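Q:
Number of protein chains: 2
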Amino acid sequence: MRIVLDAMGGDAGVRVNVQGALDALREYPDMRLTLVGREEDMRGHLQAITAGGGNEPALDRLTLLHAPDVIGMHEAPVMAVRRKPHSSIVEGLMLVKNGEADAFVSAGSTGAVLAGGMFRVGRIEGVERPALAALFPMRTRKSLILDIGANTDCKPEWLAQFALMGSIYMRRTQGIENPQVALVNIGMEEEKGNETVKRAYQLLKEQPGINFIGNAEARDLPEGVADVLVCDGFVGNVILKFMEGTVHTIFKIVKDGLKSTNRGKVGGLIAKPTFKRIAAGLDASEVGGTPFLGVDGVVIKAHGNSNARAIFSAIRQARLMVENRVVSIIKDGIIQ
Amino acid sequence: MRIVLDAMGGDAGVRVNVQGALDALREYPDMRLTLVGREEDMRGHLQAITAGGGNEPALDRLTLLHAPDVIGMHEAPVMAVRRKPHSSIVEGLMLVKNGEADAFVSAGSTGAVLAGGMFRVGRIEGVERPALAALFPMRTRKSLILDIGANTDCKPEWLAQFALMGSIYMRRTQGIENPQVALVNIGMEEEKGNETVKRAYQLLKEQPGINFIGNAEARDLPEGVADVLVCDGFVGNVILKFMEGTVHTIFKIVKDGLKSTNRGKVGGLIAKPTFKRIAAGLDASEVGGTPFLGVDGVVIKAHGNSNARAIFSAIRQARLMVENRVVSIIKDGIIQ
Numbered sequence: 001m002r003i004v005l006d007a008m009g010g011d012a013g014v015r016v017n018v019q020g021a022l023d024a025l026r027e028y029p030d031m032r033l034t035l036v037g038r039e040e041d042m043r044g045h046l047q048a049i050t051a052g053g054g055n056e057p058a059l060d061r062l063t064l065l066h067a068p069d070v071i072g073m074h075e076a077p078v079m080a081v082r083r084k085p086h087s088s089i090v091e092g093l094m095l096v097k098n099g100e101a102d103a104f105v106s107a108g109s110t111g112a113v114l115a116g117g118m119f120r121v122g123r124i125e126g127v128e129r130p131a132l133a134a135l136f137p138m139r140t141r142k143s144l145i146l147d148i149g150a151n152t153d154c155k156p157e158w159l160a161q162f163a164l165m166g167s168i169y170m171r172r173t174q175g176i177e178n179p180q181v182a183l184v185n186i187g188m189e190e191e192k193g194n195e196t197v198k199r200a201y202q203l204l205k206e207q208p209g210i211n212f213i214g215n216a217e218a219r220d221l222p223e224g225v226a227d228v229l230v231c232d233g234f235v236g237n238v239i240l241k242f243m244e245g246t247v248h249t250i251f252k253i254v255k256d257g258l259k260s261t262n263r264g265k266v267g268g269l270i271a272k273p274t275f276k277r278i279a280a281g282l283d284a285s286e287v288g289g290t291p292f293l294g295v296d297g298v299v300i301k302a303h304g305n306s307n308a309r310a311i312f313s314a315i316r317q318a319r320l321m322v323e324n325r326v327v328s329i330i331k332d333g334i335i336q
Numbered sequence: 001m002r003i004v005l006d007a008m009g010g011d012a013g014v015r016v017n018v019q020g021a022l023d024a025l026r027e028y029p030d031m032r033l034t035l036v037g038r039e040e041d042m043r044g045h046l047q048a049i050t051a052g053g054g055n056e057p058a059l060d061r062l063t064l065l066h067a068p069d070v071i072g073m074h075e076a077p078v079m080a081v082r083r084k085p086h087s088s089i090v091e092g093l094m095l096v097k098n099g100e101a102d103a104f105v106s107a108g109s110t111g112a113v114l115a116g117g118m119f120r121v122g123r124i125e126g127v128e129r130p131a132l133a134a135l136f137p138m139r140t141r142k143s144l145i146l147d148i149g150a151n152t153d154c155k156p157e158w159l160a161q162f163a164l165m166g167s168i169y170m171r172r173t174q175g176i177e178n179p180q181v182a183l184v185n186i187g188m189e190e191e192k193g194n195e196t197v198k199r200a201y202q203l204l205k206e207q208p209g210i211n212f213i214g215n216a217e218a219r220d221l222p223e224g225v226a227d228v229l230v231c232d233g234f235v236g237n238v239i240l241k242f243m244e245g246t247v248h249t250i251f252k253i254v255k256d257g258l259k260s261t262n263r264g265k266v267g268g269l270i271a272k273p274t275f276k277r278i279a280a281g282l283d284a285s286e287v288g289g290t291p292f293l294g295v296d297g298v299v300i301k302a303h304g305n306s307n308a309r310a311i312f313s314a315i316r317q318a319r320l321m322v323e324n325r326v327v328s329i330i331k332d333g334i335i336q
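Quick mapping for you: the protein sequence lines, in order, are chains A and B. The first sequence begins at 1 in this note's numbering and counts up by one. The second sequence begins at 1 in this note's numbering and counts up by one.
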């Protein structure tokens, strides 16, 4: 198992990537890991983190690959990927492309990871559009939402492929035998929705290899109505970010509300461990990154605000995809 | 002030409509109200509710208009409006159309209210598509989201008109002098989004009569980033329903979490009044109904699961629109 991690990705900088990499190397003795980025930065953080323990065995399985360039969060993605072949993202993806690594993980620019995935690693033959997929902890189960932003305007046929790729992902990495697939829509009836969604409904009914259960209304998503939720990248991105925002705001409202009366203060203080536990359950850093499904290799985008724990989770997720041969199963599924 | 209320609308039936109507008549001595629906049903509930008090003065301002037909929640809307001219929805809307009432309120089929609004009351000249608008209690202010479901596929020009109509609504009924308008998008930068949204951004920059502040990401909506949030009806409907679902599910998670430990139980019990207060703040029944902006009359759709309090709120909202001449101000704004 050989994983490449973009050392330069994410808001928190090199340190959390180095820490996450070390944590993963210690956890998984079968794994080799390549950190790609500015060598000096990587060495500096490595020394600081392993101060005095630089001879631990896990480090024997760590390689540093120098990539002098960095793609910034606000660079135009396609252009940046083309102009910066020696950036950490492109160098890392090329290791996957050339068979020198099994998976690439980055908390860097989403656009650049997607563009690099598309144009450096390339699509699986037959896949019209790869999709970014997020596994979300709904109340009664985890739901995979895709696409969450790779394709803002979608053809109905793409949505049908998303359903198939998402089903394979859930079956292989989450052990769900016959994942339920639903189409995110504004009503339960077959004829509801915009033009794209209406046509997608008809295709999903016919799509082999999936267990289509019909439409899912946004109201029911947080309860956990399906294993795979299909939508275009605009709607998926809105759902994903709106959920983050709503959870954040409701906790703030509850906190402020409890603080505003003495009785609330006392109750809140007593119940504090419970609130902490609930917040942890809704914490995205446990979910890992978002796989870019449909490219010909394992590519995982970790959240921009990842801490070391989130980087570790994204690596764990990459491992699951490699171990369970998700890419080659998608290949077989698409060709059928 | 003459309001028409659809007595047959909503999941809870005639009783909550009659109760909401009576509450409003008692609150507003300047108001006349017509209940439209099956006369027998209306009389029955009226007698039950006013038992012994049937001679109170508020009842002098109440009229019952018999409409033998009812449009069900699952009837095809356009067809139902055409085939059932003597339904409560169509009869009620015709009073507005003919100038015999100032506003129509219904908790019935959304599709039928929209179709009836479009084809019986009619569009304001120059309005391309009327939009359904919901006022939502975000943390720091109320935001009006439109469209929330009248138009699932939108042209960019329609979105620009939604912005204008929403701004007028917020200025006139909420007293916000220079309402901030934002475009719901998946990124803050001008070039983000799907094709419709990208073009709408350019139109909104040029649209006179609005205070456009740029894109708003879904993550930031619950905090309250703008007074008017513009999006197509598919996205707006997803946001609206997803917010309902998320609030519901988080409260369930918190409740279950508190119950699962003794410490949580004690803290939760002590903080219970605070939770009740918070839940009330997020309660849609205080918000009132959703105005159908762009039709040539005041048409308010109340939530299908309205209680008497929600019906009262929707009537209050209709009054605000009439008193502040929202329809004629939109007329002036569109013609300019």
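For glycine and all other residues, C-beta sits at the position ideal for the given N, C-alpha and C. As the structure is a prediction and not an experimental result, all values here were calculated from the model.
Consider the Cβ of residue 229 of chain B: report whether some Cβ of chain A lies at a distance smaller than 8 angstroms.
A: As a position in the second sequence, residue 229 of chain B is number 229, starting the count at 1. False, the Cβ-Cβ gap to chain A never drops below 8 angstroms.
Q: Following the continuous beta strand (DSSP E) through residue 248 of chain A, name the residue where it begins and the one where it ends.
A: Mapped onto the first sequence, residue 248 of chain A falls at position 248. No beta strand (DSSP E) holds residue 248 of chain A; the alpha helix (DSSP H) holding it covers 233-259.
Q: With DSSP as the reference, label residue 61 of chain B as helix, strand or coil.
A: By 1-based counting over the second sequence, the position of residue 61 of chain B is 61. Reduced to three states, the DSSP call for residue 61 of chain B is helix.
Q: Give the residues from the region 147-170 of chain B that approach chain A closer than 7 angstroms (Cβ to any Cβ), ordered along the chain.
A: Within the region 147-170 of chain B, the qualifying residues are 149, 152, 153.
Q: Do we get a CB-CB distance below 8 angstroms when we pair residue 128 of chain B with the residues of chain A?
A: The residue you call residue 128 of chain B lines up with position 128 of the second sequence. It does not; no Cβ of chain A falls within 8 angstroms.
Q: Determine the direct distance from the alpha carbon of residue 192 of chain B to that of residue 198 of chain B, and round the result to whole angstroms.
A: The count along the second sequence starts at 1 and reaches residue 198 of chain B at position 198. The count along the second sequence starts at 1 and reaches residue 192 of chain B at position 192. When rounded, the distance between both Cα atoms is 7 angstroms.
Q: Going by alpha carbons, who is nearest to residue 337 of chain B out of B/33, B/62, B/112, B/64?
A: Outside the shown range of chain B (1 to 336) lies residue 337 of chain B, about which nothing can therefore be said.
Q: What runs of the alpha helix (DSSP H), each 4 residues or longer, lie entirely inside the region 89-124 of chain A?
A: Fully enclosed alpha helix (DSSP H) runs of 4 or longer: 110-116.
Q: Suppose you measure from the CA of residue 273 of chain B to the CA of residue 276 of chain A; what does that come to, to the nearest Å?
A: Residue numbering aside, residue 273 of chain B sits at position 273 when the second sequence is read from its first letter. Residue numbering aside, residue 276 of chain A sits at position 276 when the first sequence is read from its first letter. Residue 273 of chain B and residue 276 of chain A: Cα-Cα distance of roughly 21 angstroms.
Q: What residue does the alpha helix (DSSP H) around residue 174 of chain B start on, and which one ends it?
A: Within the second sequence, the letter at position 174 stands for residue 174 of chain B. Per DSSP, residue 174 of chain B belongs to the alpha helix (DSSP H) from 156-174.
Q: In chain order, what residues of the same chain lie with their CB nearer than 7 angstroms to the CB of residue 322 of chain A, ignoring the 5 residues before and after it?
A: Taking the first sequence and counting its residues from 1, one reaches residue 322 of chain A at position 322. Closer than 7 angstroms at Cβ, skipping near neighbours: 1, 102, 103, 298.
Q: I want to see whether chain A comes within less than 8 angstroms of residue 10 of chain B, judged by CB atoms only; does it?
A: For the purposes of this step, residue 10 of chain B is identified with residue 10 of the second sequence, where counting begins at 1. Not one chain A Cβ lies under 8 angstroms of residue 10 of chain B.
Q: Please work out which residues of its chain come closer than 6 angstroms, Cβ to Cβ, to residue 219 of chain A, disregarding the five sequence neighbours upstream and downstream, and give them in chain order.
A: Translated into positions along the first sequence, residue 219 of chain A becomes position 219. No residues qualify anywhere along the chain.
Q: Leaving aside the five residues before and after residue 240 of chain A along the sequence, list all residues of the same chain whose C-beta is less than 6 angstroms from its C-beta, in chain order.
A: In the first sequence, the residue the question calls residue 240 of chain A occupies position 240. For residue 240 of chain A, where only same-chain residues beyond five positions count, the Cβ hits under 6 angstroms are 134, 148.
Q: Using CA atoms only, rank isn't needed, just tell me which of B/242, B/245, B/213, B/95 is closest to residue 228 of chain B.
A: Residue numbering aside, residue 228 of chain B sits at position 228 when the second sequence is read from its first letter. Minimum Cα distance to residue 228 of chain B is reached at B/213.
Q: Check distances from the C-beta atoms of the region 192-210 of chain B to those of chain A and list, in chain order, the residues that come in under 7 angstroms.
A: So the list reads 193, 194, 195, given in the order they occur along the chain.
Q: Show which residues of chain A have a CB atom less than 7 angstroms away from the CB atom of residue 258 of chain B.
A: Translated into positions along the second sequence, residue 258 of chain B becomes position 258. Ordered by position in chain A, the residues that pass the 7 angstroms Cβ test against residue 258 of chain B are 271, 274.
Q: Secondary structure at residue 207 of chain B, three-state DSSP: helix, strand or coil?
A: Counting from 1 along the second sequence, the entry for residue 207 of chain B is found at position 207. In the structure shown, residue 207 of chain B sits in coil (DSSP, three-state: anything other than H, G, I, E or B).
Q: In this structure, what does DSSP give as the bridge partners for residue 181 of chain B?
A: By one-based count along the second sequence, residue 181 of chain B stands at place 181. B/212, B/228, per the DSSP bridge assignment.
Q: Comparing C-alpha positions only, which one of A/170, A/175, A/183 sits nearest to residue 158 of chain A?
A: The residue labelled residue 158 of chain A in the question sits at position 158 within the first sequence. Ranking A/170, A/175, A/183 by Cα distance to residue 158 of chain A puts A/183 first.
Q: Output yes if chain A places a C-beta closer than 8 angstroms to the C-beta of residue 244 of chain B; else output no.
A: In the second sequence, counting from the first residue as 1, residue 244 of chain B sits at position 244. Closer than 8 angstroms: yes.
Q: Considering Cα atoms alone, identify which of B/211, B/307, B/330, B/301 is closest to residue 4 of chain B.
A: Indexing the second sequence from 1 puts residue 4 of chain B at position 4. With distances taken between Cα atoms, residue 4 of chain B lies closest to B/301.
Q: Should residue 269 of chain A be labelled buried (16 or more other beta-carbon atoms within 10 Å of its own) or exposed?
A: Taking the first residue of the first sequence as 1, we reach residue 269 of chain A at position 269. Label assigned to residue 269 of chain A: exposed.
Q: Straight-line CA distance for residue 234 of chain B to residue 132 of chain B?
A: Taking the second sequence and counting its residues from 1, the one referred to as residue 234 of chain B is at position 234. Taking the second sequence and counting its residues from 1, the one referred to as residue 132 of chain B is at position 132. For residue 234 of chain B and residue 132 of chain B, the distance between alpha carbons rounds to 11 angstroms.
Q: Within this structure, are the beta carbons of residue 35 of chain B and residue 42 of chain B separated by less than 8 angstroms?
A: The residue labelled residue 35 of chain B in the question sits at position 35 within the second sequence. The residue labelled residue 42 of chain B in the question sits at position 42 within the second sequence. Yes; because the gap between Cβ atoms is below 8 angstroms, this pair is in contact.
Q: How many Å lie between residue 211 of chain A and residue 106 of chain A at the Cα?
A: Position 211 of the first sequence, counted from the first residue, corresponds to residue 211 of chain A. Position 106 of the first sequence, counted from the first residue, corresponds to residue 106 of chain A. The alpha-carbon atoms of residue 211 of chain A and residue 106 of chain A are separated by roughly 32 angstroms.
Q: Closer than 9 angstroms by beta-carbon distance: list the chain B residues that pair up with residue 184 of chain A, in chain order.
A: In the first sequence, the residue the question calls residue 184 of chain A occupies position 184. Those within 9 angstroms of residue 184 of chain A in chain B are 238.
Q: The beta strand (DSSP E) with residue 14 of chain B in it runs from where to where?
A: Here residue 14 of chain B refers to the residue found at position 14 of the second sequence. Here residue 14 of chain B belongs to no beta strand (DSSP E); instead the alpha helix (DSSP H) covers 14-27.
Q: Using a C-beta cutoff of 8 angstroms, does residue 144 of chain A count as contacting chain B?
A: Numbered from its first residue, the first sequence carries residue 144 of chain A at position 144. So, not an interface residue.
Q: Please list the partners that residue 137 of chain B has in chain A, where partner means a Cβ-to-Cβ separation under 9 angstroms.
A: To locate residue 137 of chain B, count along the second sequence from 1; it is residue 137. Here the premise fails: no neighbours, minimum Cβ distance about 10 angstroms.
Q: Based on the DSSP secondary-structure assignment, which residues constitute the bridge partners of residue 312 of chain B?
A: Taking the second sequence and counting its residues from 1, one reaches residue 312 of chain B at position 312. Partner(s): none; residue 312 of chain B has no beta bridge.
Q: Spatial neighbours of residue 63 of chain B within its chain, please: C-beta separation below 8 angstroms, excluding the five flanking residues on both sides.
A: Position 63 of the second sequence holds residue 63 of chain B. Result list for residue 63 of chain B: 32, 33, 34, 35, in chain order.
Q: Can you give me, in chain order, the residues of the region 12-28 of chain B that have a beta carbon less than 8 angstroms from any beta carbon in chain A?
A: Listed by position, the residues of the region 12-28 of chain B near chain A (Cβ gap below 8 angstroms) amount to none.
Q: Under a three-way DSSP split, which group does residue 217 of chain B fall into?
A: As a first step, residue 217 of chain B must be located in the second sequence, where it is residue number 217. It is a strand residue.
Q: Excluding the five sequence neighbours on either side, which residues of its own chain have a C-beta within less than 6 angstroms of the C-beta of residue 185 of chain B, listed in chain order?
A: Position 185 of the second sequence holds residue 185 of chain B. Excluding residues within five positions, the ones whose Cβ falls inside 6 angstroms are 192, 193, 197, 215.
Q: Using a Cβ-Cβ cut-off of less than 7 angstroms, give me the residues of the region 210-226 of chain B that come near chain A, in sequence order.
A: If the cut-off is 7 angstroms between Cβ atoms, the region 210-226 of chain B has 217, 218, 219, 220, 221, 222, 223 near chain A.
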